[in-house]
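Numbering (the working numbering), first residue to last: -19 to 187.
Following: one structure in structure tokens, then a few remarks.
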């Protein structure tokens, strides 16, 4: 079996494993199970198929403008908008645990699975543009449990475009976690033109 196909099959298996957490509750044991799944997922992606870290978007050439400045300005700076709309006044010490939580369960897991392994597998078999579209659609469909909407697909396409252009996913891991944490912890309420400002760079729905 070719490596790219093994990658796709592994993605399906790991995604099913992650999604099962939304439908099965094991009480306090569930937290340990989640941590074990994350450890296994990272091991499986990094070790089982033989893709290099560079192929997965976790290494290679580093450029400050591409990999730090651009993600900050394009992805993170728009979060300032949250200050100007109604939101929960959450102090930093309460926000930090939200960020760390989503850094693991959303940023690391989802970006490593989709923009990392799935992107590399599809690019190996087809080409970069097919990987961009293909992994975005699969990422979008994998969110059926929380309800599908166009903003999720927009977010996936934007993240995948960054992956294709700049070849790294570390900034996407941090960005993904920050946006999820901000929307869950702060619950900003957008209306009118604010919604248009926030949807484009983040792919988050206006509330």
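Ideal Cβ positions, reconstructed from N, Cα and C, are used throughout, including at glycine.
Since the model is a prediction, treat every value here as computed from it, not as a measurement.
Shortest Cα-Cα distance from residue 122 to any of 168, 91, 162 involves 91. The way I'd put it, the stretch 49 to 61 doesn't touch the stretch -13 to 1; fewer than three beta-carbon pairs between them come closer than 8 Å.
In the structure shown, residue 4 adopts coil according to DSSP, grouped into three states. In its chain, beyond the 5 residues on either side, 29, 30, 31, 101, 104 have a beta carbon closer than 8 Å to the beta carbon of residue -17. Where residue 11 is concerned, the enclosing alpha helix (DSSP H) starts and stops at 9 to 23. Here residue 139 is buried. Its C-beta has 16 or more other C-beta atoms within 10 Å.
Annotated three-state conformation of residue 47 is helix, per DSSP.
Of the residues assessed, residue 132 falls on the buried side of the cut-off, its CB having 16 or more other CB atoms within 10 angstroms. As for any beta strand (DSSP E) of minimum length 3 sitting wholly inside the stretch 119 to 143, there is none. Cβ neighbours of residue 136 within its own chain (closer than 8 Å, five residues either side excluded): 94, 115, 116, 117, 119, 120, 183.
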